[in-house]
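Undergrad: I have a structure here, written as structure tokens, and I will follow up with some questions on it.
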Amino acid sequence: MTDADADLLVECRRRLRTVLPELPSSLDELRRRMEEVRGRRIELTMTDPGRLRLPSGLWGQVRSGAVVHDLVWVDRRTSPFARTVVACHEFGHMICGHEPDPAPAAAPEPVSALAADLALDPAHVAAIVGRCGEPCAPGSAQWRREREAELTGRLLAQHILGSHV
Numbered sequence: 048m049t050d051a052d053a054d055l056l057v058e059c060r061r062r063l064r065t066v067l068p069e070l071p072s073s074l075d076e077l078r079r080r081m082e083e084v085r086g087r088r089i090e091l092t093m094t095d096p097g098r099l100r101l102p103s104g105l106w107g108q109v110r111s112g113a114v115v116h117d118l119v120w121v122d123r124r125t126s127p128f129a130r131t132v133v134a135c136h137e138f139g140h141m142i143c144g145h146e147p148d149p150a151p152a153a154a155p156e157p158v159s160a161l162a163a164d165l166a167l168d169p170a171h172v173a174a175i176v177g178r179c180g181e182p183c184a185p186g187s188a189q190w191r192r193e194r195e196a197e198l199t200g201r202l203l204a205q206h207i208l209g210s211h212v
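Following the numbering used here, the numbering of the sequence shown begins with 48 at its first residue and continues without gaps.
In structure tokens:
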């Protein structure tokens with residue numbers, strides 16, 4: 048671990064303890080506690096994305112009129128261990144105060160089908176799919192955002208899964 052990572056880990060640990068003074072012992076408890084923190088419903092769902100090339104997890108906001116709720120989606124084709132780690136990463140974004148990426152104006156047809164299954168705006172899913180496989184330049188704002196979520200998610204997953212991470 049680099050000095051920069053060590054410093055970032057200290058920052059992530061401090062932020063996590065501020066948002067969740069007592070760490071949750073399960074994903075469902077994490078979801079419920081984050082609903083309280085964010086003041087809105089959070090849906091945690093694990094499904095198969097079919098043939099779409101997606102990341103193993105994503106976080107989006109679902110709007111229905113004036114009501115907004117969060118959706119954390121995890122690819123169910125991974126192991127239970129990996130699903131926990133991935134979900135914790137997505138919750139890590141929330142804990143770090145990140146917001147989902149803005150959605151483009153239009154989405155390809157297969158993305159629209161998945162978006163309907165997940166009750167998301169197709170453009171939002173397209174924004175996420177469009178990022179798949181794109182490396183973040185080390186030190187960039189996007190790199191730091193992902194690194195913060197990764198480290199915060201790792202801390203959560205270690206607590207939920209025990210010392211096996």
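Idealized CB from N, CA, C, for every residue including glycine. A quick note: this is a predicted structure, and the numbers were derived from the prediction, not measured.
1) Mind reading off the beta-carbon distance from S103 to V84? Whole number of angstroms is fine, and I expect it under 8 Å.
2) For E90, report the span of its beta strand (DSSP E) as first-last.
3) May I ask you to report which of helix, strand or coil DSSP gives G104?
4) How close, in whole Å, do the beta carbons of L63 and L202 come, if the pair is a contact with beta carbons under 8 Å?
5) With a CB to CB cut of under 6 Å and the five nearest residues on each side skipped, what residues in its chain are close to G180?
6) State the Cα-Cα distance for the pair H116 and R191, rounded to the nearest angstrom.
7) Which class does E58 belong to by DSSP, given the choice of helix, strand or coil?
8) Going by beta-carbon coordinates alone, are L77 and P71 separated by less than 8 Å?
TA: Result, derived from the coordinates:
1) By 1-based counting over the sequence shown, the position of residue 103 is 56. By 1-based counting over the sequence shown, the position of residue 84 is 37. Taking C-beta atoms under 8 Å as the contact rule, S103 and V84 fail to qualify, at a distance of about 24 Å.
2) Looking up residue 90 in the sequence shown gives position 43. Looking at the DSSP string, the run of the beta strand (DSSP E) that includes E90 is I89 to T94.
3) Residue 104 sits at position 57 when you count from the first residue of the sequence shown. Residue state, collapsed to three classes: strand.
4) Numbered from its first residue, the sequence shown carries residue 63 at position 16. Numbered from its first residue, the sequence shown carries residue 202 at position 155. For a cut-off of 8 Å, the C-beta gap from L63 to L202 is around 6 Å, short enough to register as a contact.
5) The residue labelled residue 180 in the question sits at position 133 within the sequence shown. In this prediction, G180 has a pLDDT of 48, which is less than 50 and means its spatial position is unreliable; what the coordinates show is noted afterwards. Short of 6 Å from the beta carbon of G180, and not among the five residues preceding or following it, lies no beta carbon of its own chain.
6) Numbered from 1 along the sequence shown, position 69 holds the residue referred to as residue 116. Numbered from 1 along the sequence shown, position 144 holds the residue referred to as residue 191. Approximately 25 Å between the Cα atoms of the pair.
7) Working through the sequence shown from its first residue, we reach residue 58 at position 11. Per DSSP, reduced to three states, the secondary structure at E58 is helical.
8) Numbered from 1 along the sequence shown, position 30 holds the residue referred to as residue 77. Numbered from 1 along the sequence shown, position 24 holds the residue referred to as residue 71. A contact, by the Cβ cut-off of 8 Å.
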